[in-house]
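*Asks:* For the numbering used here, add 391 to where a residue sits in the sequence shown, where the first one is 1.
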Amino acid sequence: MMVSTRVRCWITGLILAIVFSVTAVGEFAEGFNEAIASPNRSAEEKERDVYRKPAQVLDFVGIEAGMTVLEIFAGGGWYTELLSAAVGSDGLVYAQNPEGFRDRLGGAPELRAARLGNVEVIYTLGTEMFDPDLNIELPVQADAAFTALNLHDYANRGDQVGQDFLAGIYDALVPGGILGVVDHVGTAGNDNTELHRMDILKAQQLITSAGFIIEGVSDILGNASDDHTLGIRDPSIRYNTDRMLFRLRKPE
């Protein structure tokens with residue numbers, strides 16, 4: 392895989408122990424490809440596949456058949472659908488949203504969970520959308536966790552808020568558990584709070600401060616035409632921002 396000069400530069404800035412990796416590390420449950428093409432997924436959801444590259448992302452993170460996965464801030468369930476297919480009938484997905492988001496979602500997560508059969512919807516006690524105290528109380532610790540396009544919203548409210556957010560996920564994972572993080576890339580010195588982005592080095596600092604090991608980074612969601620100066624909802628880049636992808640591990 393060719394790695395852009397821009398990506399090589401930010402990887403070099405990370406701690407030397409980080410290993411750049413695009414190696415497939417997971418094996419999905421049978422039927423994953425069929426689930427991607429399923430008529431149960433709307434045309435709008437399928438349109439985002441070309442940018443979000445779900446099979447490549449979940450494979451890189453290490454999602455496998457039979458896993459228990461915690462999805463943080465699942466929203467209406469775009470990733471929930473595909474995580475469900477990846478872990479299969481022997482796995483389980485906890486789709487988390489903050490309690491304050493329940494009314495806005497209008498029951499969509501519950502309807503999806505009922506159809507999929509291996510998803511449990513959970514609402515945490517924090518009433519604010521970005522309350523860093525996730526209050527996650529799972530019956531068992533998860534094998535893996537996944538969060539997409541959420542870390543910046545916590546981190547841009549202060550380092551402690553970002554660390555608290557990650558700490559909640561850390562505590563919900565088994566020792567040796569993995570966490571996949573996707574987020575919009577920002578440039579240091581820009582108003583990343585306004586742009587809904589974050590600097591990669593800032594993300595790395597928060598991640599390691601929370602106790603995670605950065606096991607792999609990938610540019611498969613990179614977009615060199617995004618210069619990080621536009622807000623993420625700008626029509627020219629919406630759904631196709633330049634994105635960082637980390638595979639993290641909680642130490643044994």
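Quick reminder that beta carbons are idealized off the backbone N, C-alpha and C, glycines included.
Would DSSP call Asp562 helix, strand or coil?
*Replies:* It is helical.
*Asks:* Considering only DSSP beta bridges, list what Ser609 is partnered with.
*Replies:* Note: Ser609 sits in a beta bridge opposite Leu636.
*Asks:* Where Val552 and Ala594 are concerned, what is the direct C-alpha to C-alpha distance, given to the nearest angstrom?
*Replies:* Their backbone Cα atoms lie some 12 angstroms apart in a straight line.
*Asks:* Taking the continuous alpha helix (DSSP H) assigned at Tyr442, which residues delimit it?
*Replies:* First-last of the alpha helix (DSSP H) with Tyr442: Asp440 to Arg443.
*Asks:* How would you write the range of the beta strand (DSSP E) that Asn583 sits in, first residue to last?
*Replies:* Looking at the DSSP string, Asn583 is not in any beta strand (DSSP E); the run it does join, the alpha helix (DSSP H), is Asn583 to Leu586.
*Asks:* Using DSSP's beta-bridge definition, name the partner residues of Phe537.
*Replies:* Answer is Glu462 and Gly571, bridged to Phe537.
*Asks:* Is any heavy atom in the ligand COA found nearer than 7 angstroms to the beta carbon of Pro445?
*Replies:* Judged by which ligands are present, the structure shown has none, so any question about the ligand COA falls away.
*Asks:* Could you give the first and the last residue of the continuous alpha helix (DSSP H) run that contains Pro626?
*Replies:* Looking at the DSSP string, Pro626 is not in any alpha helix (DSSP H), and its letter there is neither H nor E.
*Asks:* Opposite Ile604 in the DSSP bridges: which residues?
*Replies:* Note: Ile604 sits in a beta bridge opposite Arg640.
*Asks:* For the alpha helix (DSSP H) holding Glu472, just list the boundary residues, first then last.
*Replies:* Run containing Glu472: Trp469 to Val478, per the alpha helix (DSSP H) assignment.
*Asks:* Look up Asn509 in the DSSP assignment and say whether it is helix, strand or coil.
*Replies:* Coil, per DSSP.
*Asks:* Where Asn614 and Val478 are concerned, what is the direct C-alpha to C-alpha distance, given to the nearest angstrom?
*Replies:* Near 29 angstroms, if we compare the C-alpha coordinates of Val478 and Asn614.
*Asks:* Determine whether the beta carbon atoms of Gly508 and Gly482 lie at a separation below 8 angstroms.
*Replies:* For Gly508 and Gly482, no; Cβs fall outside 8 angstroms.
*Asks:* Just mark Pro500 as buried or exposed, buried being the case when its beta carbon has 16 or more other beta carbons within 10 Å.
*Replies:* It is buried - the Cβ of Pro500 has at least 16 other Cβ atoms within 10 Å.
*Asks:* So, helix, strand or coil for Asp590, using DSSP?
*Replies:* Of the three classes helix, strand and coil, the one that applies to Asp590 here is strand, per DSSP.
*Asks:* Find the nearest neighbour of Lys444 within the set Phe492, Leu502 and Asn631, judged by alpha-carbon distance.
*Replies:* It is Asn631 whose Cα lies nearest to the Cα of Lys444.
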